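Throughout the sequence shown, residue numbering follows mature numbering (1 follows the signal peptide of the UniProt record, and there is no 0), covering -20 to -1, 1 to 373 in sequence. Quick notes on the structure that follows.
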Amino acid sequence: MLGLSYIALALALVTSSIEAKITCKCLPGSPCFPSPPVIKSFEKTLSEPLIHPRPMGSVCFPNDPTFNPTACAEVKSKWHNGAFRTSVPEAAQFINWETMINSTAVDQCDPFSDVNDPTNTCFQGRVPWGVVKVKSISDIQKTVRFASRHNLKLIVKNTGHENLGRSFGQQSIMLWTHNMQEIKFSNRFVPKGAPRGTTGVTAVTIEPGVQWGRLYKEVADRGQLIVGGIGAGGSVGAGGGWPMGGGHSVLSPFYGLGVDNILEETVVLPSGEHVTANRYTNPDLFWALRGGGGPSFGILTSVTYKTHPAPPVTAAFLVANTTTEEGRAELFKEWVKIHPTLVDSGWAGFWPYSGTQFFLTLMAMGSPPSNPKANATLQGFYDTIKNIEGVEI
């Protein structure tokens, strides 16, 4: 019992020590925040001056300095356009992450609200106060060091698909990596630090701003295949949060997760140092980056993926509209029932559900599928659900 008391006391002391070191970030308007001359001096070291964005909908508010009816019409027409949202730093893919919600107010900027109401104001929400348009590794290093020196809240946005909203933050400074777009192919890639005589493999090295839609096309044009993500219009970034979160793919059952196909990464550490990580050089960092989640260990500046010969494949698609609760329940019942059999017969894919619709995107190796049970198994599922009352396919 006495031993347990010593342990509890030790833990309490450790906890107190940790808590004592926690400090809040320095925000705009605080005495600790860098002065305008200091910020201007920092800007001069970057490829381009800082961007000070307003929320995307601000151009629709007559009482906002950015009011522009022409720009407002464009914003409204592209409000749900994923590709457009990746092209500007102030827009997230999930609109709710642009909004700041607390116990007393909802700070948002909705261009579809009554913008002519003089009491209706476009609030900054979680859109950052400053954005560094990254064009070089040096831009990232200098920003990381500046944010560390002044205790600023630093965030990273590539395309803005981050599901938990971590690519946005109230009163933060953003590293916007979307414009780093270089792609390099290699027929015999060998990781840095590999033993002499290591056999090279086909690979592609990308900067963080490259998106899957473009990368898929360039890889396919070379008669190769890459394990990658999926998103509306191919807008998900191939060199940002996707590989750092593990990298699920429709091809994962056949070639492994995205992280299983990464040969090498380069990253800027919190110290501002730029390093290479692979199985031979900084192997612990390489292990952590591949699934550690977000910029927990550093900011990616490049990723090298292994590419594969492109085999023939069979794809299957389904959209099922449900009109009744009973129909929806029966549809999911049949889907859960058939799911293990579909996997065993060689199918892999995605099945998102939105509102009253069920979407199915599947792939099997071979054309026709190499597994002789593949087509019959899937057809059996189609035949079953098309007879469910309240389901239309």
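The beta carbon of each residue, even a glycine, is placed where N, CA and C say it ideally should be. Just so you know, these numbers come straight off a predicted model, no measurement behind them.
Among the options, whose alpha-carbon lies nearest the alpha-carbon of residue i?
| i | options | result |
| --- | --- | --- |
| K133 | N143, M154, T139 | M154 |
| L298 | E54, Q337, V216 | Q337 |
| G346 | K115, P292, S93 | P292 |
| F312 | T294, V323, P332, K20 | P332 |
| T284 | P16, G219, T303 | G219 |
| T99 | N43, P250, G307, F277 | N43 |
| G149 | W109, K20, S118 | W109 |
| D90 | H60, F64, F266 | H60 |
| residue 374 | R146, G145, W156, F92 | Nothing about residue 374 can be reported from this structure: the residues present for the chain run from -20 to 373 only. |
| T246 | Q359, P275, V86 | P275 |
| P14 | R270, S128, Q359 | S128 |
| A296 | H254, A290, A344 | A344 |
| V136 | W327, W267, P250 | P250 |
| H130 | H254, S166, K5 | K5 |
| I31 | K113, I318, P320 | K113 |
| S147 | F126, I75, A85 | I75 |
| L144 | H254, T294, A72, L269 | A72 |
| E54 | R125, F92, T84, S83 | F92 |
Since residue i sits in a beta bridge, which residues does DSSP pair it with?
| i | result |
| --- | --- |
| E244 | T284 |
| I153 | G110, L134 |
| D87 | M80 |
| H254 | V248 |
| E372 | N301 |
| M260 | The sequence given here places Tyr at residue 260; Met does not occur at that position. Paired residue(s): none; Y260 is not in a bridge. |
| Q191 | G217 |
| F165 | V184 |
Could you check the C-alpha separation between residue i and residue j for me, to the nearest Å?
| i | j | result |
| --- | --- | --- |
| G(-18) | G180 | Its pLDDT being 47, under 50, G(-18) is placed unreliably by the model, and the measurement read from it follows with that caveat. Spanning the two alpha carbons is a distance of roughly 56 Å. |
| D201 | L7 | 48 Å |
| K164 | V111 | 27 Å |
| R176 | R168 | 14 Å |
| L(-8) | Q104 | Caution is warranted here: a pLDDT of 45 is assigned to L(-8), below 50, making its placement in the model unreliable, and the coordinate value is therefore given only provisionally. Using only the alpha carbons, I get a separation of about 41 Å. |
| E162 | L195 | 10 Å |
| N159 | I81 | 30 Å |
| V216 | T304 | 33 Å |
| G37 | Y235 | 42 Å |
| S116 | L26 | 9 Å |
| G272 | K366 | 42 Å |
| V190 | K286 | 16 Å |
| residue 405 | N355 | Residue 405 lies beyond the residue range present for the chain, which begins at -20 and ends at 373; the question has no answer from this structure. |
| P49 | F339 | 37 Å |
| T302 | E372 | 6 Å |
| A309 | L358 | 19 Å |
| S118 | K353 | 54 Å |
| E142 | P263 | 26 Å |
| G9 | T261 | 43 Å |
| E314 | S334 | 18 Å |
| G252 | G225 | 22 Å |
| Y362 | T321 | 14 Å |
| Y300 | D324 | The identity of residue 300 in the sequence shown is Ala, whereas the question assumes Tyr. Distance between the alpha carbons of A300 and D324 is about 23 Å. |
| S21 | Q151 | 20 Å |
| N241 | V199 | 14 Å |
So what does DSSP say about residue i, is it helix, strand or coil?
| i | result |
| --- | --- |
| H130 | helix |
| V239 | helix |
| F338 | strand |
| G227 | coil |
| S350 | coil |
| L358 | helix |
| V18 | helix |
| M343 | strand |
| R308 | helix |
| L144 | coil |
| F64 | helix |
| K24 | coil |
| F234 | helix |
| residue 405 | Lying before the first or after the last residue shown, residue 405 is absent from the chain, which here runs from -20 to 373. |
| P49 | helix |
| V95 | coil |
| Q121 | helix |
Thinking C-beta only, is residue j closer than 7 Å to residue i?
| i | j | result |
| --- | --- | --- |
| P171 | N258 | yes |
| G213 | G62 | yes |
| H288 | L205 | yes |
| G238 | G221 | no |
| V95 | C12 | no |
| S282 | T185 | yes |
| N232 | G208 | A quick correction: the sequence has Ser, not Asn, at residue 232. In this structure, G208 does not lie closer than 7 Å to S232 by Cβ. |
| G278 | G370 | no |
| G70 | P45 | The amino acid at residue 70 is misidentified as Gly; the sequence shows Glu. Contact: no. |
| V18 | I120 | no |
| A290 | G360 | no |
| A183 | L243 | yes |
| P35 | V107 | yes |
| E23 | P29 | yes |
| K56 | F64 | no |
Of all the CB atoms in chain D, is at least one closer than 7 Å to the CB of residue i?
| i | result |
| --- | --- |
| D119 | Although the question refers to chain D, the structure presented lacks it and comprises just one protein chain. |
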